[in-house]
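Structure first, then comments.
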């Protein structure tokens, strides 16, 4: 069955500040993962199958999931790599947490170059600093690349031609 005809997973956003009656503080602390999360559940029995701490998290997969509670199939919201838009592909490779790490790394590298004595700074030092501070982003992206390749292989091996035709039209 195509994921286009399956019922969508239920999505429920939770905010700990609202739970405790501090809803007026929620907009100021919405970026904290410990304060808010999203639960995704089966549309048939409401059994939770995933909790995400980043809203609009991009997941790779076929999109079809069998509920462990009621054994019904539903669309869990995941898509294979060729089906994703460019913005979702970017968000998959560099999610908000990694963007923050990369931004902090760039800031540290630039700050280090600014305060370093001029006779010590050269092109090789600059490359070394940027490589050091951006290495977590590079490592994250290389690990994600393995999952992307696996998703592309799954998509190419899928016999459902209608799904490929929908992607080609977009």
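In the numbering used here, the protein residues as written are 39 to 208. Even glycine gets a Cβ: it sits at the ideal position worked out from N, Cα and C.
First and last residue of the uninterrupted beta strand (DSSP E) at residue 178 = First-last for residue 178: 161-195, but that is the alpha helix (DSSP H), not the beta strand (DSSP E).
Decide if residue 180 is buried, meaning its Cβ has at least 16 other Cβ atoms within 10 Å, or exposed.
-> exposed
By Cβ distance, which residues of its chain are closer than 8 Å to residue 1, with the 5 residues on each side in sequence left out?
-> Within the shown structure, residues of the chain are numbered from 39 to 208, placing residue 1 beyond reach of any answer.
In terms of residues, what are the limits of the beta strand (DSSP E) holding residue 148?
-> Taken as a continuous stretch (DSSP letters only), residue 148 belongs to no beta strand (DSSP E), being part of the alpha helix (DSSP H) at 134-153.
Presumed contact (8 Å Cβ cut-off) between residue 114 and residue 103, rounded CB distance | 4 Å
Tell me whether residue 171 is buried or exposed, calling it buried when 16 or more other Cβ atoms sit within 10 Å of its Cβ.
-> buried
Short Cβ contact (8 Å threshold) for residue 48 with residue 84 | yes
Pair within 8 Å by beta-carbon distance, residue 77 and residue 86 = yes
Would DSSP call residue 123 helix, strand or coil?
-> coil
What's the gap between the Cα of residue 119 and the Cα of residue 176?
-> 19 Å
Within the present structure, is the beta-carbon of residue 112 separated from the nearest heavy atom of the ligand SAM by less than 7 Å?
-> Of ligands this structure carries none, so the ligand SAM is not represented either.
Roughly how many angstroms separate the alpha carbons of residue 185 and residue 192, rounded to a whole number?
-> 11 Å
What three-state label does DSSP hand residue 78 in the structure shown?
-> strand
Burial state of residue 166, where buried means 16 or more other Cβ atoms lie within 10 Å = exposed
Is it right to say residue 109 is buried, meaning 16 or more other beta carbons lie within 10 angstroms of its own, or is it exposed?
-> exposed
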